[in-house]
Structure formats: C-alpha cells, structure tokens
C-alpha cells in the first residue's frame, strides 16, 4: 500500500538505468544473444534468471552490484536536495553548491527495510529559468553524473548562466521514495 515507488514503472526504470550504466550497445548485445538462444524455445521455457545471466555477461565487474540491485533485490533511494545556493563570480559564471541527502535502502518481501551502501553514480543538474515557467522548457546549464559514496555530500559545480533550480537525480531515473524533493530552487548569495 502507498508504495508507488516500488511497483510502478520499475521495469522501465531498471532497463533505462542499466542502458545508461553499461551502454546501449552492451545491453542490446545481451538481449540479442538471449533472443537468439532462447527465442521460439520449446518447454521448459526460459526464465528471468536466465536473462540475467546474459545481462551479467555484458556488464563490467564494477557494475555487477547494480544488476543485483535492479533485478534481484527490492532497492530504492531517498535522495533529496537539502539546499542549493549560488554565487556569481567575477567572470560572470556561477558557482552552485548543493547540499544533498543520499540514501539507498533495501526491503525484503515483508517490507522490512535495511540500509544499503551508497556507491552509485547519480546525475546532478542545474537549470536556468524557463520563460514559460514549465520544467520541460528549462535550459540545462549542467547535467553530469557524480559518484556518490556518502550520506550527505556537498557538491559545487560551475555554470555559465544564472541558475534557477538544481536537482539530484533531477529526471527521476532512480526508484525514489519521494521524488518531488529531488529538485530545489537555487538561492543567490
């Protein structure tokens, strides 16, 4: 009940993230080999566990835990922007500092949660104000993945334009308990 972040769109989020992490070519190779080997198979039919074997074969060693998190565990995040500030530099650029909260959690089949080790590459974005006021029209000033290994990182990036909003997993690619707190207005100092 009230756990939309777990059961809605998990499959698409998992495969989109996997594509981003290992590359589209590697994922396509895994799926192609799986289909070549298992397509039109007679009983007993293939299983998702067999598919994971093909995916793991194309996944680098440093991303194997990601496959486990995406397909073998109930894993989710509690990521949020706690504060976003910017200072204008003499050269006209802006230094944007984000204070973040990053947490990975696992749940068992009964809903019991345990903490997971945070060792993930997560996008950080900074956006300029859109004249329309709509998120989809915002200009991206910065969008890069950062290696996050601690619960409360502070990250500073430099952008060319005046920042309006900043986000931690700004496009909600991760399964997050409350995705609405992943973005925050930037306060100019």
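Residue numbers (our numbering): 355 to 543. No residue lacks a Cβ here, since even glycine has one placed at the ideal position from N, Cα and C. None of the values given here were measured: they were computed from a predicted structure.
Looking at C-alpha atoms only, which residue of the options is the closest neighbour of residue i?
i	options	result
residue 383	508, 412, 499 and 363	412
residue 489	537, 447 and 395	537
residue 509	405, 459, 480 and 392	480
residue 502	527, 519, 471 and 495	471
residue 416	427, 475, 432 and 407	475
residue 469	391, 433 and 458	458
residue 614	395, 444 and 429	The structure shown does not extend to residue 614, since the chain is modelled only from 355 to 543, so the question has no answer here.
residue 540	390, 495 and 507	495
residue 445	514, 374 and 535	514
residue 530	511, 394 and 433	433
residue 453	400, 372 and 520	520
residue 352	535, 505, 439 and 526	Given a span of 355 to 543 for the chain in the structure shown, any question on residue 352 remains unanswerable.
Would you call the CB atoms of residue i and residue j closer than 8 Å?
i	j	result
residue 522	residue 450	no
residue 499	residue 477	yes
residue 482	residue 516	yes
residue 460	residue 528	no
residue 473	residue 484	no
residue 418	residue 410	yes
Since residue i is in the alpha helix (DSSP H), which residue starts that stretch and which ends it?
i	result
residue 383	378-392
residue 421	418-421
residue 407	402-412
Given a threshold of 16 other Cβ atoms within 10 Å of its Cβ, counted over all protein chains shown, does residue i qualify as buried or as exposed?
i	result
residue 437	exposed
residue 533	buried
residue 486	exposed
residue 524	buried
residue 404	exposed
residue 456	buried
residue 363	exposed
residue 355	Bear in mind that the predicted position of residue 355 carries a pLDDT of just 48, short of 50, making it unreliable; the figure below should be weighed with that in mind. Residue 355 should be labelled exposed.
residue 408	buried
residue 381	buried
residue 467	exposed
residue 542	exposed
residue 389	exposed
residue 375	buried
Can you tell me where the beta strand (DSSP E) with residue i in it begins and where it stops?
i	result
residue 513	508-513
residue 543	Neither: residue 543 is in no beta strand (DSSP E) and is coded neither H nor E.
residue 363	First-last for residue 363: undefined, no H or E at that position.
residue 502	493-502
residue 532	No beta strand (DSSP E) contains residue 532, which DSSP labels as neither H nor E.
Stretch pair the stretch 360-375 + the stretch 419-433: three plus CB contacts closer than 8 Å: yes
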